[in-house]
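Residue numbers (UniProt numbering): 1 to 267. C-beta atoms are modelled at their ideal positions from N, C-alpha and C, and glycine is treated no differently.
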């Protein structure tokens with residue numbers, strides 16, 4: 001065997017080693033050739049076949065867009081196009097579809113590779129199924145939204161009146177949640193009165209005072225009257241460093257029951 005044959009054999013063995021290694025990386029790997037029309041795939045590893053359900057002979061020579069489907073985000077597709085056009089690395093998560101139509105979340109990484117001997121740039125795409133992680137994140141997000149909702153329960157009691165019972169401690173984060181929830185609720189219901197009951201609030205602090213102040217401003221702009229109930233005698237002392245309720249021109253009552261007796265009803 002001559003020297004050229006030995007070199008060729010070594011090249012073949014090296015390529016087979018690289019191919020075997022890529023097949024074991026635990027992710028889908030594809031290579032596309034932007035030098036050809038429509039940037040077709042010229043290589044895919046076993047991981048890509050397992051991820052998508054397609055065999056190599058079905059997809060080589062095609063553009064990867066066949067993985068897109070009805071719920072694929074078009075803005076993410078546009079980001080991919082722009083990255084390919086500028087030959088910049090891309091990292092994003094996009095909803096793709098397997099051969100059987102099953103959707104999955106694809107953590108897609110694309111980077112250009114320049115081969116100087118060929119004076120040619122190729123794109124290498126690495127794809128990983130992150131559906132389970134995304135579903136967990138969505139579930140956690142749902143739980144957090146539910147916790148926020150439960151921490152700011154707004155209870156309609158009559159046609160034009162709702163009660164917001166505050167329980168425990170009020171801090172800046174809870175204050176923002178409260179303002180958002182009330183704004184959305186009043187916008188939907190067009191109520192005349194919102195009763196903020198403070199009988200279960202632990203202490204009167206600056207966040208509580210700002211909550212009352214900002215809530216009063218918000219509701220005033222929306223045409224709704226804020227009514228405060230459940231003010232404890234100790235709150236009068238604790239509120240001294242901030243301001244007196246009289247400065248806010250608020251209606252205050254000892255209890256929700258008392259407030260409901262005094263608030264006029266729609267005719």
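What's the C-alpha gap between residue 101 and residue 70? Against the chain shown, residue 101 aligns to sequence position 101. Against the chain shown, residue 70 aligns to sequence position 70. Computed Cα separation, rounded: 10 Å.
Run through DSSP, which three-state label would residue 106 get? Working through the chain shown from its first residue, we reach residue 106 at position 106. Correct three-state label for residue 106: strand.
Residue 65 versus 192, 40, 172 and 227, residue with shortest Cα-Cα distance: One-based indexing of the chain shown puts residue 65 at position 65. Put simply, of 192, 40, 172 and 227 the residue whose alpha carbon is nearest the alpha carbon of residue 65 is 40.
For a test of the three-state rule: what should DSSP assign to residue 216, helix, strand or coil? Position 216 of the chain shown, counting from 1, holds the residue named residue 216. DSSP places residue 216 within a helical segment (H, G or I) once states are collapsed to three.
Considering just the uninterrupted stretch of the alpha helix (DSSP H) at residue 178, what are its terminal residues? As a first step, residue 178 must be located in the chain shown, where it is residue number 178. The continuous alpha helix (DSSP H) containing residue 178 extends over residues 172-189.
Taking DSSP's pairing of strands, which residues face residue 158 in a bridge? Start at 1 with the first residue of the chain shown, and residue 158 comes out as number 158. Answer is 161, bridged to residue 158.
May I have the straight-line CA-CA distance separating residue 22 from residue 43, to the nearest angstrom? Position 22 of the chain shown holds residue 22. Position 43 of the chain shown holds residue 43. Roughly 11 Å separates the two Cα atoms.
For residue 30, collect the residues of the same chain with a Cβ closer than 8 Å to its Cβ; drop the 5 residues on either side in sequence, then sort them by chain order. Numbered from 1 along the chain shown, position 30 holds the residue referred to as residue 30. Its chain contains 41, 43, 44, 45, 48, 64, 124, 125 and 127 as the residues whose beta carbon lies nearer than 8 Å to that of residue 30, once the 5 sequence neighbours on both sides are disregarded; these appear in chain order.
Mind the definition here: the stretch 88-96 touches the stretch 53-60 only if three or more C-beta pairs lie below 8 Å; say whether that holds. Per the Cβ contact rule, the stretch 88-96 is not in contact with the stretch 53-60 (fewer than 3 Cβ pairs under 8 Å).
Specify the secondary structure class of residue 77 as computed by DSSP and reduced to three states. The residue you call residue 77 lines up with position 77 of the chain shown. In this structure, residue 77 counts as helix in the three-state DSSP scheme.
Give the range of the beta strand (DSSP E) segment to which residue 93 is assigned. Sequence index remark: in the chain shown, residue 93 carries index 93 (1-based). First-last of the beta strand (DSSP E) with residue 93: 90-97.
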